[in-house]
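Undergrad: The sequence shown finishes on residue 81 if you use the working numbering, and the numbering steps up by one all the way, no holes.
Sharing a structure with you now.
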Amino acid sequence: KDAGAAVFLAASTDGSDGPTDATGAFASPAILEHGRDLGLEPARFLAENDAYHYFEQLGQLLKTGPTNTNVCDIKVLLVP
Numbered sequence: 002k003d004a005g006a007a008v009f010l011a012a013s014t015d016g017s018d019g020p021t022d023a024t025g026a027f028a029s030p031a032i033l034e035h036g037r038d039l040g041l042e043p044a045r046f047l048a049e050n051d052a053y054h055y056f057e058q059l060g061q062l063l064k065t066g067p068t069n070t071n072v073c074d075i076k077v078l079l080v081p
């Protein structure tokens with residue numbers, strides 16, 4: 002299997018994550034590589050607890066708006 006084609010989603014079912022307008026974000030090796038091509042270092046954003054602005058610059062935030070549910074947080078890893 003090609004782990005380089007894997008995609009990861011972390012999201013919350015209520016439609017927001019803390020004080021932000023995003024419910025989660027998509028990540029994959031290709032997305033991280035694109036970030037590095039733009040001069041974005043994931044480690045710096047992680048150290049600053051600022052994944053929002055990292056994924057915002059990459060266009061990978063998931064924004065659903067309020068869902069009026071709060072079932073759980075969702076983590077999905079797809080490995081083709």
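We put the beta carbon where it would ideally sit given N, CA and C, even for glycine.
Provide the residue(s) that pair with V8 in DSSP beta bridges, ordered along the chain.
TA: L79
Undergrad: Taking 8 Å as the threshold, find out whether the segment 53-64 comes into contact with the segment 23-33 through three or more Cβ pairs.
TA: yes
Undergrad: If I follow the unbroken alpha helix (DSSP H) through A31, where does it start and stop?
TA: 30-38
Undergrad: Is the separation between the beta-carbon of L1 and that of A7 shorter than 8 Å?
TA: Outside the shown range of the chain (2 to 81) lies residue 1, about which nothing can therefore be said.
Undergrad: Which residue's Cα is closest to the Cα of P81: S29, V72, L47?
TA: S29
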